[in-house]
Amino acid sequence: MTTTGRAELSVGALTVAAVAAYVWGHDPLLDNLLYLGVLLGAGALAWAGAVRRPAVDRPFAYLVAGGLLLNALGDLAWELLSWQGADTDVSVADPLWFASYVALSSAVWLVLRRVEVGRQARVLALDTLMLVVVSVLVTWNVAIHPIVDDQEVAAAVRVVWASYPVADAVLLGLVARVLMSTGARAHLSLSFPVGVGLWLAADIAFLVSGSGDSTSAMDAAWMLAPVLLARSAWRDPAPVADDGPAPSERRMVQTGFAILPLLVPPVLTLFVDSRDELDHAALLVVGAAALTVLALVRTTWLVRSERRAHRDLELALDAALAASRAKSMFLATMSHEIRTPLTTVLGTAELLEDTALDGEQQHLVRRMRRSGDHLASLVADILDFSRIESGEVTLVAARFDLVDLVAELADVYALRAADAGIRFEHHLHPGLPDTLVGDRTRVAQVLRNLLDNAVKFTPDGGVRLDVRPAPDGVELAIADTGIGIGQDDLAVVFDSFRQIDGSSTRTYGGSGLGLAICRQLVALMGGTLDVTSRLGEGSTFVVRLPLVVAGTDHATVPGRTPVLAGASGARRTP
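The opening residue of the sequence shown carries number 1 in the UniProt record's numbering; numbering runs sequentially from there.
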């Protein structure tokens with residue numbers, strides 16, 4: 001246990017012992033000493049805690065300590081006057097007690113002001129005022145009006161006594177506002193609202209009793225409350241996520257502040273009516289009018305805030321779109337500028353291959369060609385990506401033979417797979433139509449990107465391309481026995497500039513745009529692209545495209561049989 005924890009445990013044990021001795025004791029002098037000792041001790045502990053707090057938290061802690069010391073001095077003054085037989089209905093103790101309310105309320109307001117700035121400060125003030133009005137209305141009907149109606153007490157005394165529930169209402173409203181703010185709660189120990197709750201409960205119970213004498217339970221609450229408040233001065237608050245409420249939660253709170261206070265007067269009217277005390281209806285009318293005005297102002301601010309938020313959102317969206325267009329334009333321009341000299345380099349390398357070269361020179365030229373082809377592929381990906389993002393991709397619907405397209409790709413990737421030392425198979429299912437209508441170039445681009453990835457990420461085993469009819473078009477599945485994708489990476493595998501992880505990017509190369517381009521092109525064609533994978537076992541990408549059968553004849557080629565292509569590229573019938 002830490003030093004602070006042991007100190008708190010000791011203070012708690014002493015407080016409980018003092019309260020128990022007070023409640024069950026019968027010596028008036030000892031009871032007074034215990035009562036005043038706990039109050040003064042709480043103030044002293046709060047002051048000591050304020051000294052050791054960080055500078056940013058010190059004003060709050062000093063205000064709490066000052067409020068507790070003023071409260072203790074007020075009780076001390078009252079006890080001395082009572083011991084001397086002086087009149088204590090209104091005395092020097094009252095200014096001290098009211099000053100303690102001011103200090104504690106200022107401490108809570110300081111916490112609220114710390115997290116609410118700018119326009120939010122005005123909203124904070126209005127919300128707090130609404131809570132105070134509600135609290136005053138409630139305490140009036142519960143505690144204040146019996147004091148005001150007591151004609152046996154002097155008017156000045158009634159004013160002073162009635163001011164205490166008002167002060168309680170102000171403090172209660174401030175604490176309630178803190179509890180409704182995530183940021184404010186992060187700067188206030190839980191012991192503070194608990195202590196205030198005990199204090200106010202004892203005050204209300206004392207006023208409602210009307211006997212003029214406190215009970216042991218009230219005194220115990222008045223003793224425990226300062227200790228809990230003092231704890232908030234020396235104890236750092238528990239960590240609270242200060243991310244702020246979600247937009248929906250914030251909107252609900254704002255709407256609640258604008259509407260719920262209006263329900264208080266009708267409820268209080270029913271309460272008063274049940275007690276046959278309609279002579280106090282004037283106060284309810286005044287309170288209802290005040291709450292209506294405040295709610296109207298609050299609603300007006302809420303509407304303005306929503307409009308301002310929508311306007312800011314539109315401006316942010318416009319700025320984001322402009323930035324995206326500028327980025328796409330930059331990428332497209334740079335891709336074109338890079339492609340021009342790159343074409344020259346590749347053409348020169350191709351011409352060099354046709355000249356008389358020795359073995360070393362041929363090796364260097366081949367390396368130049370491979371690197372140039374790789375760079376050209378990266379540039380093409382970036383250019384395609386920028387065109388897609390800027391909305392410049394136009395699909396060209398034309399008749400094409402999907403079987404011929406698959407055969408062309410199979411010839412190319414059978415050779416690539418053989419060079420990589422893996423198998424390649426393709427399977428055409430029966431029922432495929434003769435001719436489809438769609439963008440052959442984009443379909444081929446999607447398949448090439450997926451097959452490139454499959455071959456690149458398959459160190460051993462094989463790659464298989466399945467083409468089969470689907471209810472609303474065709475389905476193309478590319479399966480491999482490669483490195484696979486972890487479950488955590490499946491959610492981001494189609495993100496731009498992403499591969500499985502950083503090490504994969506370094507090991508296998510590539511721009512990380514291939515799958516992103518595939519997903520966007522498939523979406524443009526009205527299809528879907530899904531993936532299933534297990535790490536270390538391989539992946540399967542399934543493309544579903546709503547390709548339309550050309551003309552009205554949906555008949556398939558008679559007797560077409562499934563065809564497989566092995567690693568050598570030779571076709572065979574299973």
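Even for Gly, the Cβ is constructed at its ideal location relative to N, Cα and C.
Can you give me the C-alpha to C-alpha distance between R158 and P59, rounded to a whole angstrom? R158 and P59: Cα-Cα distance of roughly 34 Å.
If you follow the beta strand (DSSP E) that L428 is part of, which residue opens it and which one closes it? The continuous beta strand (DSSP E) containing L428 extends over residues 423 to 428.
Quick check on A21: does DSSP put it in helix, strand or coil? Residue state for A21 is assigned as helix, using DSSP reduced to three classes.
What are the complete alpha helix (DSSP H) segments, minimum 4 residues, inside the stretch 147 to 205? Correct list: 155 to 179, 182 to 185.
Going by CA-CA distance only, name the one from R440, Y413, H427 that's closest to T458. In terms of CA proximity to T458, Y413 leads the group R440, Y413, H427.
Measure from the alpha carbon of L207 to the alpha carbon of each residue in S163, I485, L174, then state which is nearest. Selected option, being the one with the closest Cα: S163.
Environment of R185 [buried if 16+ CB atoms lie within 10 Å]: A residue is called buried once 16 or more other Cβ atoms fall within 10 Å of its Cβ, and R185 is buried on that count.
Other residues of its chain near A420: CB distance less than 7 Å, five sequence neighbours each side excluded: Counting only Cβ-Cβ distances below 7 Å, and skipping sequence neighbours, we find V455.
Exposure of Q520, with buried meaning 16 or more beta-carbon neighbours within 10 Å: Looking at its Cβ environment, which holds 16 or more other Cβ atoms inside 10 Å, Q520 is buried.
Strictly by DSSP, which residues pair up with V531? Residue pairing by DSSP places V531 opposite F541 in a beta bridge.
Let me confirm a value: S232 is counted as buried when at least 16 other C-beta atoms fall within 10 Å, else exposed. Which label applies? By the Cβ-count criterion, S232 is buried, with 16 or more other Cβ atoms from all chains shown falling within 10 Å of its own Cβ.
Could you tell me if D384 is buried or exposed, where buried requires 16 or more neighbouring beta carbons within 10 angstroms of its beta carbon? Its Cβ being crowded by 16 or more others within 10 Å, D384 is buried.
So what does DSSP say about V522, is it helix, strand or coil? Three-state DSSP puts V522 in a helix.
If the criterion is Cβ atoms closer than 8 Å, does the pair L529 and L436 meet it? Cβ distance not < 8 Å, so L529 and L436 don't count as in contact.
Segment limits, alpha helix (DSSP H) that includes G484: Careful: G484 lies outside any alpha helix (DSSP H) and carries neither H nor E.
The alpha helix (DSSP H) with P28 in it runs from where to where? Residues 28 to 52.
Could you give the uninterrupted runs of the beta strand (DSSP E) lying entirely in the stretch 396 to 420, keeping only those of 3 residues or more? Assignment of beta strand (DSSP E) within the stretch 396 to 420, counting only whole runs of 3 or more residues, yields 398 to 400 in chain order.
Could you check if L351 belongs to the surroundings of the ligand ATP, using beta carbon to heavy atom distance under 7 Å? This structure lacks the ligand ATP, and indeed carries no ligand of any kind.
Which class does A55 belong to by DSSP, given the choice of helix, strand or coil? In this structure, DSSP gives A55 a state outside helix and strand, which the three-state scheme calls coil.
Continuous alpha helix (DSSP H) stretch holding G438: start and end: Looking at the DSSP string, G438 is not in any alpha helix (DSSP H); the run it does join, the beta strand (DSSP E), is 436 to 438.
Can a CB atom of chain D be found closer than 8 Å to the CB of R114? In summary, chain D is missing from the structure at hand, where a single protein chain is found.
When the Cα atoms are used, what is the spatial distance from R52 to L29? It is roughly 35 Å from the alpha-carbon of R52 to the alpha-carbon of L29.
Through-space distance from I204 to L278, alpha-carbon basis: Reliability fails at L278, whose pLDDT of 47 lies under 50, so the model's placement of it is uncertain and no value is given.
In whole angstroms, what separates the C-alpha of L110 from that of A154? So the two alpha carbons sit approximately 37 Å from each other.
Status (buried if at least 16 other CB within 10 Å, exposed otherwise) for D273: Caution applies to D273, whose pLDDT of 49 falls short of 50 and renders its modelled position unreliable; the model cannot decide the point.
Where do the N-terminal and C-terminal ends of the beta strand (DSSP E) with P469 fall, by residue? From DSSP, the beta strand (DSSP E) with P469 extends over 462 to 470.
When you compare the CB positions of V522 and V446, do they come within less than 8 Å of one another, or not? Taking 8 Å as the Cβ cut-off, V522 and V446 qualify as a contacting pair.
Can you have a look at R464 and say buried or exposed, based on whether 16 or more other CB atoms are within 10 angstroms of its CB? Around the beta-carbon of R464, 16 or more other beta-carbon atoms lie within 10 Å, marking it buried.
Give the DSSP-derived three-state secondary structure of L476 in the structure shown. Strand.
Using the rule of at least 16 other Cβ atoms within 10 Å of the residue's Cβ for burial, across every protein chain shown, is G347 buried or exposed? Exposed is the call here.
Which runs of the alpha helix (DSSP H) spanning at least 4 residues fall entirely within the stretch 322 to 398, listed in chain order? You should have 359 to 389.
Who pairs with V548 in a beta bridge, going by DSSP? The partner list for V548 (beta bridge, DSSP) reads V437.
For F98, the three-state DSSP class (helix, strand or coil): Looking at F98 - three-state DSSP - the assignment turns out to be helix.
Starting from the C-beta of V196, find all residues in its chain whose C-beta is less than 8 Å away, skip the five residues before and the five after it, and write them out in chain order. The answer, listed in chain order, is L104, L171, L172, V175, A225, L229.
Between which two residues does the alpha helix (DSSP H) holding P226 run? Counting along the chain, the unbroken alpha helix (DSSP H) around P226 starts and ends at 216 to 234.
Nearest-angstrom Cα distance between R311 and T182? Answer to the nearest angstrom: the Cα atoms are 26 Å apart.
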